[in-house]
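Visitor: One structure coming up, written as structure tokens, with questions to follow.
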Amino acid sequence: MSTTEKQYFALMRAALWGTPVAIDEEIDWKAVLRLAQYHATNVLVCGTASLMTGSNKPSQEMLGMMKTQMRSNLVSQLQLKQILQMSVKALRDSDVEPVVLKGFSLALLYPNPNLRQFGDIDLYVGIDNFRRACEGVRKGLPSAYNWGNEGDDYKHYNLEFGNYALEVHRVSAEITDRKEREVYAAIEREGLHEHTQKIDYEGFPLTIPSKEFMVFFTFFHAWHHFLSTGVGWKQIADVAITLHAYRDQLDHDTLRRYFKDMHIMKPWQAFGYLMVQCLGLPENEMPFYTAASASTAMRLYRRIMEEGNFNRDRGFLRRKPKRRLWHKLHAFLGIFVEFFHLAKVFPGAAFHELRASLKRGFSKNFGHE
């Protein structure tokens with residue numbers, strides 16, 4: 015681990031747990047902030063850095079830039095909060111109670127919710143309410159630009175408000191394999207229908223998933239990014255902060271069943287090792303933690319640092335031929351390229367994904383976000 019990486023994680027730990035920054039040496043702030051931005055945690059790091067008082071604190075010029083980023087993120091959050099309230103009201107007027115996914119439900123778990131970055135709103139309404147919900151948001155938010163499709167084969171319906179998006183979900187994850195989709199649907203039913211939580215967000219009541227589903231889905235979302243577009247420490251920090259917020263409240267048997275049924279227990283343990291070692295999550299707050307995951311976790315660490323948040327750049331996979339036949343061949347070969355990269359970290363998961371892909375005619379198991 016480089017000096018810049020060590021300093022970055024020291025700042026991340028301080029931001030996540032509200033503790034003092036433990037860095038004695040001089041900090042290369044430009045390098046640290048480049049790394050933070052690569053992993054979509056720049057505002058979180060800026061918030062911590064702005065409170066530093068030692069000789070290695072940011073310069074006035076750098077501090078001014080950090081505060082600008084923080085103000086911009088706060089303005090975005092205020093605008094998204096208005097959109098959230100309008101959207102939830104429109105759905106409730108249509109007799110649909112949405113469940114808030116990701117974004118706001120996670121931000122509230124941070125010591126300073128204003129420093130958690132997100133650019134859209136995800137509301138789950140379920141399959142039975144989907145068409146009524148789409149009609150409700152169209153009527154209740156007439157100024158929004160509507161796009162997407164409300165058909166039964168689509169994961170979500172989209173609306174745009176300038177730079178912001180609202181996604182109304184019929185399912186919380188799009189999984190193409192039939193058996194895995196059935197398993198996931200049972201988990202979704204427990205967490206998003208049977209055992210939801212009611213919270214108060216600054217005087218506005220919201221429904222969020224069950225605690226176990228919050229942990230499972232936050233990791234499943236990060237795992238999906240790792241398999242497709244590259245995962246950053248933003249998503250991993252979300253998992254760590256959720257575990258910390260719900261410590262001593264989680265049903266570990268339920269979590270074990272979720273991870274095993276979806277074949278992601280070993281990835282969970284490898285990511286968990288990094289959450290403990292890099293982000294400072296207390297070991298006793300990481301369910302199923304094992305030091306035996308260390309070697310796998312180190313290979314995972316290198317992949318995360320290389321790819322970052324949505325930053326996967328593998329030349330072959332980026333070149334998509336326009337001609338149909340060549341496009342199909344490219345997709346076919348791409349499955350094996352993905353297998354090769356995943357097998358270097360998680361051989362079992364790689365073979366599982368390859369078998370599922372071959373079974374489905376070389377399509378990926380997870381749909382696009």
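Numbering-wise (my numbering), the sequence shown opens with residue 15 and increments by one.
In this text, a Cβ means the ideal position worked out from N, Cα and C, and glycines have one as well.
Using 10 angstroms around the beta-carbon of residue 329, count the other beta-carbons present and answer buried if the total reaches 16, otherwise exposed.
Guide: Only weak support exists for where residue 329 lies, its pLDDT of 47 falling under 50; the value from the coordinates is given anyway. Classification for residue 329: exposed.
Visitor: Taking C-beta to C-beta, are residue 252 and residue 232 nearer than 7 Å?
Guide: yes
Visitor: Tell me which same chain residues have a C-beta within less than 7 Å of the C-beta of residue 21, skipping the five on either side of it?
Guide: 37, 41, 46
Visitor: Can you list, in chain order, the residues of its chain whose CB lies under 8 Å from that of residue 288, leaving out five sequence neighbours each side?
Guide: The residues are 250, 311, 314, 315, 318.
Visitor: Does the count of Cβ pairs from the segment 175 to 182 and the segment 75 to 82 closer than 8 Å reach three?
Guide: no
Visitor: Please report the distance separating the alpha-carbon of residue 110 from that of residue 137.
Guide: In a straight line, the C-alpha of residue 110 is about 11 Å away from that of residue 137.
Visitor: Would you mind working out which of 291, 363, 301 sits nearest residue 23, comparing C-alpha positions?
Guide: 291
Visitor: Strictly by DSSP, which residues pair up with residue 274?
Guide: In the DSSP output, where bridge partners are listed per residue, residue 274 has none listed.
Visitor: State the DSSP-derived secondary structure class of residue 127, mapped to helix, strand or coil.
Guide: In the structure shown, the three-state DSSP call for residue 127 is helix.
Visitor: Report the residue ranges of all alpha helix (DSSP H) runs contained in full by the segment 145 to 229; include only those spanning at least 4 residues, in chain order.
Guide: 192 to 203
Visitor: Among 286, 294, 295, which residue has its Cα nearest to the Cα of residue 302?
Guide: In terms of CA proximity to residue 302, 286 leads the group 286, 294, 295.
Visitor: Quick one: grab the DSSP three-state call for residue 380.
Guide: In this predicted model, residue 380 has a pLDDT of only 49, less than 50, meaning its place in the structure is not dependable; the value taken from the coordinates is given anyway. Correct three-state label for residue 380: strand.
Visitor: Quick one: which unbroken alpha helix (DSSP H) runs of 4-plus residues sit fully inside the segment 73 to 107? Chain order, please.
Guide: 74 to 107
Visitor: Note the first and the last residue of the continuous alpha helix (DSSP H) segment covering residue 318.
Guide: 308 to 321
Visitor: Whole angstroms is fine: what's the gap from residue 210's alpha carbon to residue 352's?
Guide: Cα to Cα, the separation comes out at about 36 Å.
Visitor: Indicate the three-state DSSP secondary structure (helix, strand or coil) for residue 141 in the structure shown.
Guide: coil
Visitor: Pick helix, strand or coil for residue 330, following the three-state DSSP scheme.
Guide: Confidence at residue 330 is low in this model, with a pLDDT of 45, below 50, so the placement of that residue is unreliable and no value is reported for it.
Visitor: Thinking C-beta only, is residue 182 closer than 7 Å to residue 198?
Guide: no
Visitor: Would you mind sorting residue 157 into buried or exposed? The rule is 16 or more other CB atoms within 10 Å of its CB.
Guide: Using a 10 angstroms sphere on the CB of residue 157, the tally of other CB atoms stays under 16, which defines it as exposed.
Visitor: Can you list, in chain order, the residues of its chain whose CB lies under 7 Å from that of residue 297, leaving out five sequence neighbours each side?
Guide: Apart from the 5 residues on each side of it in sequence, residue 297 sits with its Cβ closer than 7 Å to the Cβ of 290, 303 in its chain, given in chain order.
Visitor: Would you call the CB atoms of residue 151 and residue 169 closer than 7 Å?
Guide: no
Visitor: Provide the residue(s) that pair with residue 135 in DSSP beta bridges, ordered along the chain.
Guide: 180
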